[in-house]
Amino acid sequence: MEYTVNDDLRACGLPADDDDDLTASAEALFGSSVALINVDAPDDAGAGAGGDGRARSGAWNDFEPIFETLPSGKQVRIAAKCRHCNHVLSARSASGTGHLLRHQAQCVKKAKYAALVQSRIQFNGDGSVTGWKYKPDVARRELCRLISRLDLSLGFGYEEVFEEYIQRAHNPYFSRVSRQTTTRDLEKYFLERRTSLIDSLHSVTSVYLTSDIWSGNAKEDYLSVVAHFVSTDWELEKRVIGLRLIDCSHNGVNIAERVESVVHEFGLTDKIFAVTLDNASSNSRAMSKLIPKFVGYLGPDPAPLDNVNRENDNALRGLLHQRCTCHIINLIVKSGLKRIMSYLEAFRTAISYLNSSNQRIGEFHNYCIVKGVKPHKFGLDMDVRWNSTYLMLKHLIPYKGTFSTFIAANYGLVNGEPLLSKGHWAVAEKIMEFLGIFYESTVALSGVYYPTSPLMLHHILEIACHLHARETDPLLMSILTPMKLKFLKYWQNIPLLYSFAFVLDPRAKMRGFHNVLQLLSQAVGVDYSNYFTEVRAELYKLYNKYENKYGAVRLQRPSNISGSSGKKKFLG
Numbered sequence: 401m402e403y404t405v406n407d408d409l410r411a412c413g414l415p416a417d418d419d420d421d422l423t424a425s426a427e428a429l430f431g432s433s434v435a436l437i438n439v440d441a442p443d444d445a446g447a448g449a450g451g452d453g454r455a456r457s458g459a460w461n462d463f464e465p466i467f468e469t470l471p472s473g474k475q476v477r478i479a480a481k482c483r484h485c486n487h488v489l490s491a492r493s494a495s496g497t498g499h500l501l502r503h504q505a506q507c508v509k510k511a512k513y514a515a516l517v518q519s520r521i522q523f524n525g526d527g528s529v530t531g532w533k534y535k536p537d538v539a540r541r542e543l544c545r546l547i548s549r550l551d552l553s554l555g556f557g558y559e560e561v562f563e564e565y566i567q568r569a570h571n572p573y574f575s576r577v578s579r580q581t582t583t584r585d586l587e588k589y590f591l592e593r594r595t596s597l598i599d600s601l602h603s604v605t606s607v608y609l610t611s612d613i614w615s616g617n618a619k620e621d622y623l624s625v626v627a628h629f630v631s632t633d634w635e636l637e638k639r640v641i642g643l644r645l646i647d648c649s650h651n652g653v654n655i656a657e658r659v660e661s662v663v664h665e666f667g668l669t670d671k672i673f674a675v676t677l678d679n680a681s682s683n684s685r686a687m688s689k690l691i692p693k694f695v696g697y698l699g700p701d702p703a704p705l706d707n708v709n710r711e712n713d714n715a716l717r718g719l720l721h722q723r724c725t726c727h728i729i730n731l732i733v734k735s736g737l738k739r740i741m742s743y744l745e746a747f748r749t750a751i752s753y754l755n756s757s758n759q760r761i762g763e764f765h766n767y768c769i770v771k772g773v774k775p776h777k778f779g780l781d782m783d784v785r786w787n788s789t790y791l792m793l794k795h796l797i798p799y800k801g802t803f804s805t806f807i808a809a810n811y812g813l814v815n816g817e818p819l820l821s822k823g824h825w826a827v828a829e830k831i832m833e834f835l836g837i838f839y840e841s842t843v844a845l846s847g848v849y850y851p852t853s854p855l856m857l858h859h860i861l862e863i864a865c866h867l868h869a870r871e872t873d874p875l876l877m878s879i880l881t882p883m884k885l886k887f888l889k890y891w892q893n894i895p896l897l898y899s900f901a902f903v904l905d906p907r908a909k910m911r912g913f914h915n916v917l918q919l920l921s922q923a924v925g926v927d928y929s930n931y932f933t934e935v936r937a938e939l940y941k942l943y944n945k946y947e948n949k950y951g952a953v954r955l956q957r958p959s960n961i962s963g964s965s966g967k968k969k970f971l972g
């Protein structure tokens, strides 16, 4: 063969003069998609053929094979990862590549479209800007969060109207998600969050638990366990760590078993600081079984309960078992409210009369507009919720004039008098004013994301002084005696945790605590001088426990050495 100048160009890595002719001839014979074969390359470097000489699918131009090593040492292909979207599809050696080719066609089309349109940006949490790219897995995870938080149907993501809304208003790439896929995604997301929560609780030193029993729409009862703790970032956190079906008797043994299983599952047995439950006798029996198992954090002092019926036992005012304050307020109010419910019967009759006819509701609506008053619908209270009585009166009293006139004109007279007289409204206003402080205390002490234990003594003192100040009221005199008895039943022996939290508040300290006990003693007639001494001794004892438990950690911290103290001096 004659050696030409084109051979010298190829030897230097440069294109020869006749390469265009070869390419044109190849396109004319075999088509434009056929590439020239590099005869100098190794035998296994061909992209169009497999190792056994079979034709290689074009799908592998955009997929990366994933292999698994068998016990015999042989590697077998089990999956393939898309180089565009990182999606993993099954791709066993014995299977075909038709599904890979279909996925490839869609991904390549999306990649070409993305290269033509303007890039999208997004702001990160730290203020930086990065390119935004649609990720189907992220969209499905956020759909799971939406369904969980709003208690939506599992098939919500498959609704055609939802897909149309998302595609038109937010993201044209979104596609519907079936109920089965959402179910699998929810289970996967739950397991991920549960594992993350268990890992985060490892760094938590102590946990406060609350528990209650809830009834679902399917007539099934569930026991919930909620953990309250301070994170490593010094933020107050709340997490539901257990929701267990309790399809048996709600006795102390069954409640204790389910609470203990949840605590053990999350590794919190030696981190329990206190547990808050309702004031049911079954909860007291449950705590008598749980206290000996949860003493790993603070120790067994105060001692566990020997007899759950002993109201003056020191353990009742201990740290581990705390009674729900809002539930105690509910018991105090209901003990007295049932004696004056008859005074409010006329208001219930009037509201029921108004709500029993849509035509009547419309007439009252138009009447309010004529009088220049904003129309409002009124609801009846419920026997099991005293705060519904307060809210009924709170919403009704501002409409005293319009509501009375409308009822008198439509309902007629009762024994020759209007259904709602001035005396009825005077009683309603006094009852609403009396219940106001209980409602405000319930709202304040029901907080979740702020500490409520330092507020306990403040509201206990306010309620005691409120009851003491109404003792001479002729209307409320009959209800104050049972309410004060219920108050003393639960709060004559003040829980130690309330006192510790109040003293540790830098605005109060021991001097403020002494003043509060004096005011409380005047309101309820109980001598708290011995209790003040007891709190001081128990607080020192608690400090020594923390010193023994965490003193070594405090000593290991580097000391903050300052070159000067006091105010800074500026040199002129």
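Using my numbering, read the sequence shown as starting at 401 and increasing by one per residue. C-beta atoms are modelled at their ideal positions from N, C-alpha and C, and glycine is treated no differently. All values derive from a computational prediction rather than experimental measurement.
To the nearest angstrom, how far is it from the Cα of residue i to the Cα of residue j?
i: Val-663; j: Ser-681; result: 22 Å
i: Asp-526; j: His-859; result: 41 Å
i: Thr-595; j: Ala-569; result: 35 Å
i: Thr-530; j: Ala-539; result: 18 Å
i: Ile-797; j: Trp-825; result: 8 Å
i: Phe-838; j: Pro-536; result: 50 Å
i: Gly-696; j: Ser-684; result: 20 Å
i: Ile-728; j: Phe-887; result: 8 Å
i: Arg-483; j: Gln-504; result: 10 Å
i: Ile-751; j: Val-770; result: 20 Å
i: Phe-778; j: Met-792; result: 7 Å
i: Asn-654; j: Thr-469; result: 49 Å
i: Ala-952; j: Tyr-946; result: 10 Å
i: Glu-563; j: Leu-720; result: 51 Å
i: Tyr-534; j: Lys-638; result: 32 Å
i: Phe-803; j: Leu-744; result: 15 Å
i: Gly-963; j: Phe-900; result: Reliability of the predicted coordinates at Gly-963 is poor, the pLDDT of 48 falling under 50, and the value obtained from them is presented with this limitation in mind. Rounded to whole angstroms, Gly-963 to Phe-900 spans 36 Å at the Cα level.
i: Gln-522; j: Lys-588; result: 27 Å
i: Ile-466; j: Asp-585; result: 24 Å
i: Asn-915; j: Ser-929; result: 11 Å
i: Ala-674; j: Lys-884; result: 27 Å
i: Tyr-513; j: Gln-475; result: 37 Å
i: Asp-462; j: Pro-471; result: 29 Å
i: Lys-949; j: Val-607; result: 16 Å
i: Asp-647; j: Val-577; result: 34 Å
i: His-543; j: Gln-580; result: Going by the sequence as given, residue 543 is Leu instead of His. Cα to Cα, the separation comes out at about 13 Å.
i: Pro-882; j: Asn-755; result: 34 Å
Per DSSP, what kind of secondary structure is residue i in: helix, strand or coil?
i: Phe-778; result: coil
i: Trp-973; result: What the structure shows of the chain is the stretch from 401 to 972, and residue 973 is not part of that stretch, so it cannot be assessed.
i: Tyr-946; result: helix
i: Thr-497; result: coil
i: Ala-680; result: coil
i: Ala-952; result: helix
i: Trp-532; result: strand
i: Arg-685; result: helix
i: Asn-523; result: The identity of residue 523 in the sequence shown is Phe, whereas the question assumes Asn. In the structure shown, Phe-523 sits in a strand (DSSP, three-state: E or B).
i: Leu-609; result: strand
i: Arg-477; result: strand
i: Lys-941; result: helix
i: Ser-603; result: coil
i: Asn-915; result: helix
i: Ser-878; result: helix
i: Val-773; result: coil
i: Asp-537; result: helix
i: Tyr-890; result: helix
Please check the pair residue i and residue j, which I expect to be a contact at CB under 8 Å, by giving their CB distance rounded to whole angstroms.
i: Leu-546; j: Leu-554; result: Not quite, the Cβ-Cβ distance comes to about 12 Å (not below 8 Å), so this is no contact.
i: Leu-731; j: Asn-679; result: 7 Å
i: Arg-739; j: Leu-780; result: Not a contact, Cβ separation roughly 20 Å.
i: Gly-642; j: Ser-624; result: 7 Å
i: Lys-619; j: Glu-660; result: Between Glu-660 and Lys-619 the Cβ distance is about 26 Å, and since that is not below 8 Å, they are no contact.
Kindly identify the DSSP beta-bridge partner or partners of residue i.
i: Ser-721; result: Just to set this straight, residue 721 is His in the shown sequence, not Ser. Its beta-bridge partners are Val-675.
i: Tyr-622; result: Trp-614 and Leu-645
i: Val-630; result: Leu-636
i: Phe-900; result: Phe-900 is not bridged to any residue.
i: Pro-465; result: Ala-480
i: Leu-489; result: Ala-480
Can you tell me whether residue i sits near the ligand SAH, meaning its C-beta is under 7 Å from at least one heavy atom of the ligand?
i: Glu-635; result: This structure does not include the ligand SAH; it has no bound ligands of any sort.
I'd like the ranges of any alpha helix (DSSP H) spanning at least 4 consecutive residues and lying wholly in the segment 547 to 597. 560 to 569
Taking only runs of the alpha helix (DSSP H) that begin and end inside the segment 784 to 850, which ones reach a length of at least 4 residues, in chain order? 786 to 796, 800 to 811 and 822 to 845
Taking only runs of the alpha helix (DSSP H) that begin and end inside the segment 734 to 762, which ones reach a length of at least 4 residues, in chain order? 745 to 755
Can you list, in chain order, the stretches of the alpha helix (DSSP H) that have 4 or more residues and sit fully within the segment 638 to 678? 652 to 665
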